[in-house]
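Colleague:
Chains as they are written, first to last, in this note's numbering: chain C, 7 to 327; chain R, 1391 to 1686.
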């Protein structure tokens, strides 16, 4: 909390959870609550809560924009269980989430530890590292599209003029490469954020622990293994959840860069859902895919939160907020 | 945990630097690692900047990695006159400004009621908002689209403002709740002694004290609206209601086979320019606003 509230943290001892404020124990507070909360809750209720419930209902119907909603029973759901395209999308989605986690976690942690150092040049670097967070996903996709354009793009130029045929690839047109290009671009976009998490986590480790490790004669590697990693376990959990849940639902970048191609090589579930709904206008079946997507996302989040404790999740974010 | 005075902080840092200083090969390795990542971040952006200042013929012939062959502003001229991007730019500004206004005010008012914990309504609302943090927006775009179609508000800018605001409100409330909670209880008590009603407490205590967090939420909401792609994609159709992200992607689809790459690069750079200015000016709030964005 102190991190989120620099001016107040010093004046009050700011306990984690303040007791009820005395002023509010009055009759009529219900109406004050309704007045204060209704703008937020009406928006949220109509466009988030209702759609969550509506998604479930829609998955049992058929709708093609023009006609009325029709009850379909379990037809959409049984179609899902025998739909090879959807199963393939599910697999690609899980692969993407796994690969993203494996790439972003070590680099994000290493960069976080790097920028948590006290040298002045590191804070200059850190400022520039945040550049990808300013760009929209659409902008990032278009930028990389430009860099990777076959024949005329920046990478192609290097390959042609420096005689590095290895770099002359159809980066987004080859099934094997396109997947890894996506993993790399997603990492480029989100590693800076995880760097921020790890930086905050590292700075919260009491220096006494490192002093003690040194007195005991530990090497830097041992200090990392026995002090840094255990002390960062909640940060690791927070960052991992965000990476996995984030890449399970990732849409924009893939839609723009590969649109699921070549073939179905990068067709993730969210893309399959979009095409099923908005291109084939079979919104009932698309809702099944949406529900599957939501359930997996929520399940992963709950699993990690259960495994680590919600309070610790909050403290892991604290440096950011 | 932290030193109270600046002196304490400085000696702490000196101690850290001397006692905790790793051997030079380690420091050199760290420097090289940091430098490599810096290149990975900067090089594609550098390529984009350079390419945006080339004419089509320069793009097809020159070395794309060196700033030689002269500066051409033709892509920037085309962005402003030859495409619909000027309209998109205006729409994005309107969208971001309106979303910031809605999200900042609605979330602060809600946070105030949640923190004061008057009735069960506030408690239930907060539970509901926390639950929403776990719902990925991608999973509910289809019901949102059906709802918007059935309500006959498809393809308007106000609809976009309302839906994007709704998608950001849970995180915004949470950011505010964490902040408002730390306002000292004594200040509320003092106002109660003076006989202030809830309305006065909100406008004369909570609102003025929350200005720093409002800046953070404003940046969070502004970025969320400005950079949004999925919701404009499914909720708008006509050129009149198109926004920047959509316009840029449309431009690149037209510009296939790389011929108009400089124009697309110029468009992307123009779209990020306002954010770069904000980032330099409000660095601290910006980093916190980014933190909230990843939780959406």
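By construction, the Cβ of each residue, glycine as well, lies at the ideal position given by its N, Cα and C atoms. Computed from a predicted structure; not experimentally measured.
(1) If we call anything under 9 Å between Cβ atoms a contact, is residue 192 (chain C) one with residue 102 (chain C)?
(2) Run the CB neighbour count on residue 1457 (chain R), radius 10 Å, all protein chains shown included, and call it buried at 16 or more, exposed below.
(3) Does residue 1483 (chain R) have its Cβ less than 9 Å from a Cβ in chain C?
(4) Could you check which residue in R:1539, R:1658 and R:1672 has the C-alpha nearest to that of residue 1609 (chain R)?
(5) For residue 143 (chain C), go through chain R and note every residue whose CB falls closer than 7 Å to its CB, in chain order.
(6) Taking 9 Å as the CB-CB limit, is residue 186 (chain C) close to chain R?
(7) Counting only Cβ pairs nearer than 8 Å, list the residues of chain C close to residue 1605 (chain R).
(8) Is it true that the CB of residue 1565 (chain R) sits closer than 9 Å to the CB of residue 1606 (chain R)?
(9) Give me the DSSP bridge partner(s) of residue 67 (chain C).
(10) Distance cutoff 9 Å, beta carbons only. Does residue 1427 (chain R) sit that close to anything in chain C?
(11) Taking only beta-carbon atoms, is residue 1522 (chain R) less than 9 Å away from chain C?
(12) Helix, strand or coil: which one does DSSP assign to residue 155 (chain C)?
(13) Please identify the residue among R:1441, R:1424, R:1428 and R:1418 whose C-alpha is closest to the C-alpha of residue 1651 (chain R).
(14) Is the distance from the Cβ of residue 251 (chain C) to the Cβ of residue 306 (chain C) below 9 Å?
(15) Give me the chain R residues within the contact set of residue 310 (chain C), using Cβ-Cβ distance strictly less than 9 Å, ordered along the chain.
(16) Rounded to whole angstroms, what is the Cα-Cα separation between residue 187 (chain C) and residue 178 (chain C)?
(17) Helix, strand or coil: how does DSSP classify residue 1539 (chain R) here?
(18) Using the three-state DSSP reduction, which class does residue 174 (chain C) fall into: helix, strand or coil?
(19) Going along the stretch 90-110 of chain C in order, which residues come within less than 9 Å of chain R, judged by CB to CB distance?
(20) Rounded to whole angstroms, what is the Cα-Cα separation between residue 1547 (chain R) and residue 195 (chain C)?
(21) Residue range of the alpha helix (DSSP H) that residue 197 (chain C) falls in?
(22) Have a look at R:1615, R:1481 and R:1421 and flag the residue whose alpha-carbon is nearest the alpha-carbon of residue 1492 (chain R).
(23) Would you call the CB atoms of residue 1581 (chain R) and residue 1591 (chain R) closer than 9 Å?
(24) Contact criterion: CB-CB distance below 9 Å. Does residue 1519 (chain R) meet it with respect to chain C?
(25) Helix or strand or just coil, what does DSSP make of residue 1571 (chain R)?
(26) Go ahead and pull the three-state DSSP assignment for residue 1728 (chain R).
(27) Measuring only between beta-carbons, confirm whether residue 1475 (chain R) sits less than 9 Å from chain C.
(28) In whole angstroms, what is the alpha-carbon distance linking residue 269 (chain C) and residue 1435 (chain R)?
Modeller: Taking the coordinates as given:
(1) yes
(2) exposed
(3) no
(4) R:1672
(5) 1617 and 1619
(6) no
(7) Neighbours of residue 1605 (chain R) on chain C: none; closest Cβ ~12 Å, over 8 Å.
(8) yes
(9) C:77
(10) yes
(11) yes
(12) coil
(13) R:1441
(14) yes
(15) By Cβ distance, chain R contributes nothing, its closest Cβ being about 11 Å from residue 310 (chain C), past 9 Å.
(16) 7 Å
(17) helix
(18) coil
(19) none
(20) 28 Å
(21) 181-209
(22) R:1615
(23) yes
(24) yes
(25) coil
(26) Residue 1728 (chain R) lies beyond the residue range present for chain R, which begins at 1391 and ends at 1686; the question has no answer from this structure.
(27) no
(28) 30 Å
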